[in-house]
Amino acid sequence: AGDPATGNFPEVEEGMSQDEIDAVNDEIDNYNTRLNSYGRSTDLTYQIGGQYNHKFDHLLFMPASLTGGLEYLGSELDDVSGYRIESIRQRSKTATAFAQNEWINDKWSLLIGGRLDKNNLVDNLIFSPRGNIRYNPSENINFRVSYSEGFRAPQLFDEDLHVDIAGGEQIIRELSDNLDAEQSQSISGSVDMYHQIDGINLNILVEGFYTHLKNPFVGERKGSVITVVNADDGAKVYGINLEGRADINTWLTLQAGATFQRSLYGSKRKWWEPEDEDEEELDEVEATREIMRTPNSYAYFVATWTPTQKFAANLSGNYTGSMLVPHDAGFGVEGVDRFSKVNITKESPSFFELNTKFAYTFDFYKESQLELNAGVQNIFNAYQKDFDTGAGRANDYVYGPMAPRSFFAGFKLKL
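Right, here's the structure in full:
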C-alpha cells in the first residue's frame, strides 16, 4: 500500500548514490499509487410503475380490497477507481408484477398475495408469496400471524463500495463469479393488547419471529480482498420482541421495548482465512455460527413530559448488548499506538446510552412560533474505549454508539 504521503515531492540530485536514487523512485511510485487511487462513482436509479385498487362490498365470504400492479426498477452503477484491478459497470433491472387481496371486517382480516420478479442478474423468475391473518376477539386484543418471502439480487450494493483500511492495506469487496440470489422466508406471530387502569392507558405488544435465509450473502476474506459468496448451509434469525406504552395522563407518556434474538449460520464459519504460510501466523480467528456485529439483545425507552403546551422534556435511552466484532491485524509503534498483532474476533461490551432534551415554545409573530431546545446526547459517555491508533490501524474496528457525550442546542420556527 506504500507509505503515507508527506506532501514533499522528492527530486534526484547530482551526486546521489544508487540507493538514494532508488529511494527517490520508490517515493515517486508511492505518490503515483496515491494519486491513482482517486476515482469516480456514479449510481443512477430509476423506477416506474402503476397500481390498481378495487373494493368489493362482498367477495366470497366478506368485504374485500384488491390491489394489483406493475413496477420496473433499474440502476446503473459505474465505479472507476485506482484501488480495483477492474472498474465496475453494473446494470440491474427488475420487472415486477404484484397482486394481493385482503378480506376484512371488525373481527377478522385475511390477506393473500404475492409478487413475481425477474431480475436480469438472476436466471429464473422469483415468486414471493405473502399472507397475513388477524383476529380481534374484542376491541382490546389483536392476534396476528404473518408469512412472507423475499430476495436480494446478486449485485454490489452501496456498502460494498466502501473501502476499509487494515494494517495500511486497502480492503475491497468483490462478488463471486457464481453468486446466487439470497432468498428469505419469514414468519411472525404477535398479540397486541390494550387496557385501562385508573385512567392510565396501557398498550403491550408481544411478538415472536423467525427468518430462514437461503444462500445468504457472506464475505470471505483472503488477504486484502473480501469475496461475497453464498453460505450454502443458510442462516436463521429468530427471537422475541416486547413493546409497551403507558399514557399516564395528558402530560406524561412512557414507552419502552426490548428484543432478544439469535442470528446464526447453518454451520461454523470464519470471517478471515490466511492465503499463505506467512499469514497463518496472524490467524487467531475462531470459527463460529454467530453472525458478526449482531447483538443478541437490544432495548430502548422514551419518557415524554409536557406539563404545559409550551414546555416539553424528553428522556430516552438505548441499550445494545454485546456482539462479536472482527479485528484485523495492524502495525504501529509499540507502547504508543494501539493495534492488534493478529486477526482475531473480539466480543464487545454492552452499552447503555442515555439522552435528554428540553424544549420551550414562544409565540413569535402573529400565528408563528419559535421553539428553543437544548440537551445532552450520551450523558454517561458510553463509548468505545479501544479504537486502533497509528498508521497501521484497522479503521473498521468500530462498535457501539456513534458519538461520545455531546451537548446540543437549536431552534425551530413554526409558521
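Per our numbering, residue 32 is the first one in the sequence shown, and the count goes up by one each step.
No residue lacks a Cβ here, since even glycine has one placed at the ideal position from N, Cα and C.
- Assignment of beta strand (DSSP E) within the stretch 412-441, counting only whole runs of 3 or more residues, yields no such run.
- In the DSSP assignment, D309 falls within the alpha helix (DSSP H) that extends over E308 to E311.
- Rounded to the nearest angstrom, the gap between the Cα atoms of V259 and R252 is 9 Å.
- For E180, the closest alpha carbon among the candidates G288, E213 and D154 is that of E213.
- The straight-line gap separating the alpha-carbon atoms of E384 and L273 is approximately 19 Å.
- Annotation for S123: the continuous beta strand (DSSP E) segment containing it runs I119 to I135.
- For A128 against L104, the beta-carbon gap comes to about 13 Å, at or over 8 Å, which does not count as contact.
- By the 16-neighbour rule on beta-carbons within 10 angstroms, L108 is buried.
- In this chain, the beta strand (DSSP E) harbouring I231 covers I231 to K245.
- Burial state of H358 is buried, judged by a 10 Å Cβ sphere holding 16 or more other Cβ atoms.
- When D419, Y178 and I172 are compared, the shortest CA-CA separation from I164 is found for Y178.
- Taking C-alpha positions only, G270 is separated from G441 by approximately 39 Å.
- Under the three-state reduction of DSSP, N56 is assigned to helix.
- G275 and G239 have their C-alpha atoms roughly 15 Å apart.
- By the CB criterion at 8 Å, I202 and I257 fall inside the cutoff.
- According to the DSSP secondary-structure assignment, L90 is paired through a beta bridge with M93.
- DSSP places Q286 within a strand segment (E or B) once states are collapsed to three.
- Counting every other CB atom within 10 Å of its CB across the protein chains shown gives N56 a total below 16, marking it as exposed.
- Taking the CA atoms as reference points, R424 sits about 5 Å from G361.
- Rounded to the nearest whole angstrom, the CA to CA distance from F411 to R436 is 7 Å.
- A262 places its beta carbon less than 8 Å from that of Y296.
- A straight line joining the alpha-carbon of D264 with that of S215 spans about 13 Å.
- The alpha-carbon of M47 is positioned some 44 Å away from that of W303.
- If you check the CB distance, T420 and G363 come in under 8 Å.
- Taking C-beta separations shorter than 8 Å and ignoring five residues to either side along the sequence, the partners of A184 in its chain run S123, T125, N150, L152, V153 and A212, following chain order.
- Straight through space, the alpha carbons of Q121 and N132 are spaced by roughly 36 Å.
- Inside the stretch 368-394, DSSP marks whole beta strand (DSSP E) runs of 3 or more residues at positions 375-378, from first to last along the chain.
- In the three-state reduction of the DSSP assignment, Q186 falls in the coil class.
- Following the DSSP letters along the chain, one finds E365 in no beta strand (DSSP E), marked with neither H nor E.
- In the structure shown, E45 adopts coil according to DSSP, grouped into three states.
- Note on T351: 16 or more other CB atoms within 10 angstroms of its CB, so buried under the neighbour-count rule.
- Rounded to whole angstroms, the separation of the alpha carbons of S371 and K377 is 11 Å.
- By the 16-neighbour rule on beta-carbons within 10 angstroms, P247 is buried.
- As for any beta strand (DSSP E) of minimum length 3 sitting wholly inside the stretch 135-183, the runs are 139-150, 157-169 and 172-183, ordered along the chain.
- Only residues of its own chain outside the window of five on either side were considered, and among them S399, Q400 and E402 have a CB closer than 7 Å to the CB of K445, listed in chain order.
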